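Q:
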Amino acid sequence: MKKAVVVANGEFPSSTEALELLQQAAYLICCDGAISNLEKNNFLPNLIIGDLDSISENQKLRYGSIMIHNPDQETNDLTKSIRWCVANGFNSVDILAATGKREDHTIGNIALLSEYAQWLEVRIVTDYGVFTPILKTNTFKAFIGQQVSIFSLQPSLKLRSTNLKYPLHDLELRSWWMGTLNEALADQFTIAFDGQGEVIVFQNR
136 MKKAVVVANG
146 EFPSSTEALE
156 LLQQAAYLIC
166 CDGAISNLEK
176 NNFLPNLIIG
186 DLDSISENQK
196 LRYGSIMIHN
206 PDQETNDLTK
216 SIRWCVANGF
226 NSVDILAATG
236 KREDHTIGNI
246 ALLSEYAQWL
256 EVRIVTDYGV
266 FTPILKTNTF
276 KAFIGQQVSI
286 FSLQPSLKLR
296 STNLKYPLHD
306 LELRSWWMGT
316 LNEALADQFT
326 IAFDGQGEVI
336 VFQNR
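Under the numbering used here, the letters of the sequence shown match residues 136 to 340, in that order.
1) Just to confirm my understanding: we take residue 325, look at its own chain, exclude 5 residues before and 5 after, and list those with CB closer than 6 angstroms. What are they?
2) Evaluate the contact criterion for the region 237-252 versus the region 168-177: three or more CB pairs, one atom per stretch, below 8 angstroms.
3) Using a Cβ distance threshold of 8 angstroms, determine whether the region 309-319 contacts the region 275-293, with at least three qualifying pairs required.
4) Among 230, 308, 184 and 212, which residue has its Cα nearest to the Cα of residue 153?
5) Report back the beta-carbon spacing between residue 173 and residue 142 to the nearest angstrom; my notes put them in contact at under 8 angstroms.
6) Taking the alpha-carbon of residue 90 as reference, which of 327, 299 and 321 has the nearest alpha-carbon?
7) Do the CB positions of residue 288 and residue 238 come within less than 9 angstroms of each other?
8) What residue does the alpha helix (DSSP H) around residue 127 start on, and which one ends it?
9) Residues in its own chain within less than 7 angstroms of residue 194 by CB, not counting five upstream and five downstream?
10) For residue 295, which of 336, 310, 272 and 319 has the nearest alpha-carbon?
11) Start and end of the beta strand (DSSP E) containing residue 227?
12) Can you give the beta carbon distance from residue 189 to residue 144, rounded, assuming they're within the 8 angstroms contact cut?
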């Protein structure tokens with residue numbers, strides 16, 4: 136499996152798990168202005184992608200050989216990076232620094248996961264847990280007592296579950312708060328639904 140780590144321009148990670156992903160990244164992609172945070176933390180990306188409106192002239196000189204300028208204003212820099220990964224044969228991406236700072240960007244980045252999931256295996260890793268999109272029934276590794284939240288991007292989708300404290304029985308999550316603050320009862324749990332759907336699952340650490 137060809138894997139990459141993409142660093143967005145949100146809150147730079149500080150947790151051990153997220154920093155280990157950075158340190159062990161086989162291929163590290165930086166979204167535009169996130170290069171400043173990478174520099175401060177002594178990380179060097181393999182590639183910088185974006186409209187480059189957040190990069191200084193000095194940085195453009197320093198990193199010109201690894202920069203890809205994509206001026207498209209219909210997509211954000213994170214989507215540009217994911218599309219580049221797909222076009223270049225990557226099939227698994229961990230996204231860091233996609234939350235924090237501006238809340239509107241956070242919500243947008245999380246919602247985009249379902250689009251990305253149609254192209255490759257993807258998740259957003261934060262200092263507090265992991266957002267994973269699913270398009271069909273899926274079983275997750277967990278631990279007893281792990282906090283789990285479920286968000287349906289299709290309010291009419293009927294969800295079922297196993298091994299959760301508050302089981303779902305063909306439940307329609309018509310508002311994002313309805314699937315929050317659940318809890319794993321075993322070392323794995325399942326979110327199930329018929330056919331295709333768009334669901335995002337958050338697992339706390």
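Ideal placement from N, C-alpha and C gives every residue a C-beta, glycine not left out.
Note that this is a predicted model, so its numbers are computed, not measured.
A: Quick answer:
1) Counting only Cβ-Cβ distances below 6 angstroms, and skipping sequence neighbours, we find 274 and 297.
2) no
3) yes
4) Nearest C-alpha to residue 153: 230.
5) 6 angstroms
6) The structure shown does not extend to residue 90, since the chain spans only 136 to 340, so no value can be given for it.
7) Contact: no.
8) Outside the displayed range of the chain (136 to 340) lies residue 127, so it cannot be described from this structure.
9) 170
10) 272
11) 227-231
12) Contact between residue 189 and residue 144 is confirmed by a C-beta separation of about 7 angstroms, below the 8 angstroms threshold.
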